Amino acid sequence: MVAAAVLMPALVFGFAGCAASPERADEDVAGPQWQLIPRRAPGAADATHPARLTGVRAEDQDGFDRLTFTYAGERPGYLVAYAGSDADGRTTLRVILEHVTGRTSRDLTPDLQAIRGVRQRPADDQTIETTVRVTDAGRGKGVPFRVGLSIGGFYVDVAHPDQLTVPVG
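According to mature numbering (1 follows the signal peptide of the UniProt record, and there is no 0), the residues represented by the sequence shown are -19 to -1, 1 to 150, in order.
Here it is in structure tokens:
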């Protein structure tokens, strides 16, 4: 319970808009802040030297769910943004990876606290679009997320809906 109490203020702090946002609409936004706004960054991979996607996995963490994309080669460019709702009315988060090859179609049904389903399809040549079904506790606008990089990996963390309030008292 102590870990959850420590995490909750951090999530609310980022969600409340205290984290930095771009000054221009076309400015790249990256970093560890919890936000609802689109996150994007160019990659080092390009059309002549694309990254090769080697895996996708979703796992539960303390206070959030993590969707990890692993790749070989240079880092692909990315865009992560809420895309509205799917046909069943579930909130969807869209992850687009650019300049990437490899296994481009897969479906995962992790049924975690925040990430309920993952559907990955090729969008066009060297672009993969992943649709993530997110439980947002009836908010209808998603829950905060953040993106991060590791060597050979890119991840999207999605806050657990029950971590969005700070206990009073």
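Backbone N, C-alpha and C fix where the C-beta goes; we use that ideal spot for every residue, glycine too. Here the structure is a predicted model, which is why all the values come from computation and not from measurement.
Am I right that residue i and residue j are in contact with their C-beta atoms under 8 Å? What's the rounded C-beta distance?
{"i": "residue 51", "j": "residue 70", "result": "Rounded, the Cβ-Cβ distance is 32 Å, inconsistent with contact."}
{"i": "residue 32", "j": "residue 56", "result": "7 Å"}
{"i": "residue 116", "j": "residue 94", "result": "7 Å"}
{"i": "residue 77", "j": "residue 60", "result": "4 Å"}
{"i": "residue 58", "j": "residue 30", "result": "That belief does not hold up - the Cβ atoms of residue 58 and residue 30 are roughly 13 Å apart, past 8 Å."}
{"i": "residue 62", "j": "residue 47", "result": "That belief does not hold up - the Cβ atoms of residue 62 and residue 47 are roughly 18 Å apart, past 8 Å."}
{"i": "residue 109", "j": "residue 81", "result": "6 Å"}
{"i": "residue 103", "j": "residue 86", "result": "7 Å"}
State the Cα-Cα distance for the pair residue i and residue j, rounded to the nearest angstrom.
{"i": "residue 98", "j": "residue 92", "result": "6 Å"}
{"i": "residue 7", "j": "residue 20", "result": "With a pLDDT of 42 at residue 7, under the threshold of 50, the predicted position of this residue should be treated as unreliable, and no value is reported."}
{"i": "residue 126", "j": "residue 96", "result": "11 Å"}
{"i": "residue 142", "j": "residue 124", "result": "7 Å"}
{"i": "residue 119", "j": "residue 16", "result": "18 Å"}
{"i": "residue 122", "j": "residue 45", "result": "17 Å"}
{"i": "residue 133", "j": "residue 18", "result": "25 Å"}
{"i": "residue 26", "j": "residue 41", "result": "29 Å"}
{"i": "residue 68", "j": "residue 22", "result": "29 Å"}
{"i": "residue 64", "j": "residue 43", "result": "25 Å"}
{"i": "residue 111", "j": "residue 14", "result": "21 Å"}
Return the bridge partner residues of residue i from the DSSP annotation.
{"i": "residue 130", "result": "135"}
{"i": "residue 27", "result": "Per DSSP, none; premise fails for residue 27."}
{"i": "residue 108", "result": "79, 105"}
{"i": "residue 32", "result": "81"}
{"i": "residue 66", "result": "72"}
{"i": "residue 54", "result": "Answer is none; residue 54 lacks a bridge partner."}
{"i": "residue 42", "result": "45"}
Rank the options by C-alpha distance to the C-alpha of residue i and give the top, closest one.
{"i": "residue 101", "options": "141, 49, 27", "result": "49"}
{"i": "residue 84", "options": "141, 34, 25", "result": "34"}
{"i": "residue 24", "options": "107, 142, 63, 94", "result": "107"}
{"i": "residue 38", "options": "122, 121, 79, 113", "result": "113"}
{"i": "residue 79", "options": "105, 68, 87", "result": "105"}
Which same chain residues end up closer than 7 Å to residue i when comparing Cβ atoms and leaving out the 5 residues on each side of it in sequence?
{"i": "residue 66", "result": "72, 73"}
Using a Cβ cut-off of 7 Å (strictly closer), state whether residue i contacts chain D.
{"i": "residue 41", "result": "In summary, chain D is missing from the structure at hand, where a single protein chain is found."}
By Cβ distance, which residues of its chain are closer than 6 Å to residue i, with the 5 residues on each side in sequence left out?
{"i": "residue 136", "result": "47, 49, 129"}
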